[in-house]
Amino acid sequence: MADTAKKPSLGHEFTKGILKENPVLRLVLGTCPTLATSTSVVNGVGMGIAATIVLVCSNIVISALRKVIPAKARIPAYIVVIASFVTMVQMLVKAFVPALDKSLGVFLPLIVVNCIILGRAEAFAGKNPVLASAADGLGMGVGFTAALFCMGTVREILGAGTFLSGIDTMIGSFVDLKGFTGFDFSAGLESAGLSPMTLFILPAGGFFVFGMLMALVNRLAEKNGKQKADLLGCEGCPHAAGCALRTEKEGEDA
Amino acid sequence: MKFYIALLVMGILTQNFVLSKFLGICPFLGVSKKLKTAVGMSAAVIFVMLLSTAVTFPLNSLLEANGLGYLQTIVFILVIAALVQIVEIVLKKYVKSLYNALGIYLPLITTNCAVLGVVILNIDNITGYAAQHYGFGHAMVNSFAAGAGFMLAMVIFAGVRSKLETADVPKGLKGLPITLVAASIVSLSFLGFAGLVEGLGLL
Numbered sequence: 052m053a054d055t056a057k058k059p060s061l062g063h064e065f066t067k068g069i070l071k072e073n074p075v076l077r078l079v080l081g082t083c084p085t086l087a088t089s090t091s092v093v094n095g096v097g098m099g100i101a102a103t104i105v106l107v108c109s110n111i112v113i114s115a116l117r118k119v120i121p122a123k124a125r126i127p128a129y130i131v132v133i134a135s136f137v138t139m140v141q142m143l144v145k146a147f148v149p150a151l152d153k154s155l156g157v158f159l160p161l162i163v164v165n166c167i168i169l170g171r172a173e174a175f176a177g178k179n180p181v182l183a184s185a186a187d188g189l190g191m192g193v194g195f196t197a198a199l200f201c202m203g204t205v206r207e208i209l210g211a212g213t214f215l216s217g218i219d220t221m222i223g224s225f226v227d228l229k230g231f232t233g234f235d236f237s238a239g240l241e242s243a244g245l246s247p248m249t250l251f252i253l254p255a256g257g258f259f260v261f262g263m264l265m266a267l268v269n270r271l272a273e274k275n276g277k278q279k280a281d282l283l284g285c286e287g288c289p290h291a292a293g294c295a296l297r298t299e300k301e302g303e304d305a
Numbered sequence: 022m023k024f025y026i027a028l029l030v031m032g033i034l035t036q037n038f039v040l041s042k043f044l045g046i047c048p049f050l051g052v053s054k055k056l057k058t059a060v061g062m063s064a065a066v067i068f069v070m071l072l073s074t075a076v077t078f079p080l081n082s083l084l085e086a087n088g089l090g091y092l093q094t095i096v097f098i099l100v101i102a103a104l105v106q107i108v109e110i111v112l113k114k115y116v117k118s119l120y121n122a123l124g125i126y127l128p129l130i131t132t133n134c135a136v137l138g139v140v141i142l143n144i145d146n147i148t149g150y151a152a153q154h155y156g157f158g159h160a161m162v163n164s165f166a167a168g169a170g171f172m173l174a175m176v177i178f179a180g181v182r183s184k185l186e187t188a189d190v191p192k193g194l195k196g197l198p199i200t201l202v203a204a205s206i207v208s209l210s211f212l213g214f215a216g217l218v219e220g221l222g223l224l
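Residue numbers (my numbering), protein chains in the order written: chain A, 52 to 305; chain B, 22 to 224.
Here's what the structure looks like:
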């Protein structure tokens, strides 16, 4: 991951997560929540923000404790820190944005096992100072949210014929939206004798949109002379060190 | 009895954990290249799901009785992590053959969202279908169905991917993108089971 020998600036730690090392589109981490919660923009961005909060907080705490946590017990220690922040976020969401809690369902507590968060703890926060880790977490979180926003936009517009629908139930109690409840194109579609392609908000559409988005990102990456994102799973996976599957795979290839 | 069958049908076909609930996508995409690894991984997942449900389900009643329900997430993930460790050690020492078959997948399972997902869903029971709360038996059957559904999806997808390796894929779609499109089509085929539970009069 980030090479600390040259001591990159905080700005670099922040921006790398958005494009160059986007957790979803370049590192292929956190695919479960990406597919499951991107049925609408508001839903996806809600998930992104919740995960970002957990990511920044856990990165800060893990980085601050990095000299105290013994190397052998680090994964359980990381999990406890992450799970505590997830519980806090869960309570906050339940109290202030109950609509989001309902629409994310089981994926809210499942932020605990989001590979992005454990992956960043293992790859970055466990080795770097607090400020850099916070910037890294924020950047990765924004990258995750941006990927969810892209997926959500495509799926919501094609699948439901709406954009930003349900925004009033999410931030309506904090911001005065002046009655804005999102754009709705379905009436216009209907008058033209068309209906939205429901398939896109179904699971099959999620896989399809994600596949197309990956193809696009790979194309752009190739153009810029970067490596294509692939199921490098093992490199990005937080278990890489202790996982025997990797050695088995390498043995098979040899 | 009917409800048990309904749970099995839902978990394996109509509400498949991987293809319609998006739980356990990482192993689904990462470990499904070969049939042998796909089966081994899924067997380990079924095993851990059943075991962790057997522990967390009673544990949750204990937590709630003491007003500690909010600790659910932390306790569950720690229980799963500890169980996986213990299972690995026990298998390694006493059941060498099983360890050779499942052992290598165990560390991967701790943070597999399908396992934490199933134990939470057993408690919250937000399936939308079953309005009643699960008892211990329901929870165990549901976990088994979830694991079996995971296995079915993995095995089907391993077959699809072995064909995909020799297929002439457009350059831009090679690798991960075409894998995801293939997953989309497999998921689409599972839509055909929609309504099966109601149609059979199981609920």
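All residues carry an ideal CB built from backbone N, CA and C; glycine is no exception.
Compare the C-beta of residue 218 of chain B against all C-beta atoms of chain A and say whether one is closer than 7 Å. no
Out of A/148, A/244, A/200 and A/227, which one is the CA nearest neighbour of residue 261 of chain A? A/200
Run through DSSP, which three-state label would residue 178 of chain B get? helix
Give the DSSP-derived three-state secondary structure of residue 148 of chain B in the structure shown. Note on residue 148 of chain B: pLDDT 47, under 50, position unreliable in the model; the coordinate value appears next. The answer is coil: DSSP assigns residue 148 of chain B none of H, G, I, E or B.
Rounded C-alpha distance that separates residue 132 of chain B from residue 43 of chain B: 15 Å
For the candidate residues B/73, B/86, B/90 and B/211, whose alpha-carbon lies nearest to that of residue 107 of chain B? B/73
Between which two residues does the alpha helix (DSSP H) harbouring residue 152 of chain A extend? 149–155
For residue 207 of chain A, count the other beta carbons within 10 Å of its own beta carbon; 16 or more makes it buried, fewer makes it exposed. Which is it? buried
Whole-angstrom Cβ separation of residue 186 of chain A and residue 72 of chain A, contact assumed at under 8 Å? Incorrect: roughly 13 Å between the Cβ atoms, too far for contact.
Would you mind telling me which residues of chain B sit closer than 7 Å to residue 160 of chain A, beta carbon to beta carbon, in chain order? 94 and 141
To the nearest angstrom, how far is the alpha carbon of residue 139 of chain A from that of residue 208 of chain B? 34 Å
Between which two residues does the alpha helix (DSSP H) containing residue 238 of chain A stretch? 237–242
Is there at least one Cβ from chain B nearer than 7 Å to residue 192 of chain A's Cβ? no
For residue 265 of chain A, is the classification buried or exposed, using 16 other Cβ atoms within 10 angstroms of its Cβ as the cut-off for buried? buried
Spell out the partners DSSP gives residue 213 of chain A in its beta bridges. A/235
Residue range of the alpha helix (DSSP H) that residue 93 of chain B falls in? 93–115
Specify, as a first and last residue, the run of the alpha helix (DSSP H) that residue 224 of chain A falls within. Per DSSP, residue 224 of chain A belongs to no alpha helix (DSSP H) and is neither H nor E.
Run of the alpha helix (DSSP H) containing residue 70 of chain B, from where it starts to where it stops: 56–86
For residue 105 of chain B and residue 92 of chain B, the rounded distance between their alpha carbons: 20 Å
Along chain A, in chain order, which residues have C-beta atoms closer than 7 Å to that of residue 208 of chain B? 254, 255 and 258
If contacts are defined as beta-carbon pairs under 8 Å, then residue 39 of chain B and residue 217 of chain B qualify, I think. What distance do you get, rounded to the angstrom? That pair is no contact at about 17 Å.
Nearest CA to the CA of residue 202 of chain B: which residue from A/259, A/184 and A/166? A/259
DSSP state of residue 100 of chain A, grouped into three classes? helix
Answer yes or no: does any C-beta atom of chain B fall closer than 7 Å to that of residue 261 of chain A? yes
CB contact below 7 Å: residue 202 of chain B versus chain A: yes
Sort A/196, A/220, A/106 and A/205 by Cα distance to residue 170 of chain A and report the nearest one. A/106
Check whether the segment 230–243 of chain A touches the segment 167–175 of chain B, counting contact only when three or more Cβ pairs, one atom from each stretch, lie closer than 8 Å. no
Cα-Cα separation between residue 95 of chain A and residue 223 of chain B, rounded to whole angstroms: 34 Å
Touching by the beta-carbon criterion (3+ pairs, under 8 Å), the segment 180–197 of chain A and the segment 72–90 of chain B: no
Would you mind reading off the limits of the alpha helix (DSSP H) that contains residue 188 of chain B? Here residue 188 of chain B belongs to no alpha helix (DSSP H), and DSSP marks it neither H nor E.
Just verifying my parser: in three-state terms, what is the DSSP assignment at residue 249 of chain A? helix
Residue-level contact to chain A via CB, residue 14 of chain B, 7 Å cutoff: Nothing can be reported for residue 14 of chain B: it is not among the residues displayed for chain B, which extend from 22 to 224.
Does the beta carbon of residue 108 of chain A fall short of 6 Å from some heavy atom of the ligand SAH? This structure does not include the ligand SAH; it has no bound ligands of any sort.
Could you confirm whether any beta carbon from chain A is found closer than 7 Å to the beta carbon of residue 157 of chain B? no
Taking the alpha carbon of residue 219 of chain A as the point to measure from, which residue in A/81, A/156 and A/97 has its own alpha carbon closest? A/97
Alpha carbon of residue 119 of chain B to alpha carbon of residue 237 of chain A, nearest angstrom: 55 Å
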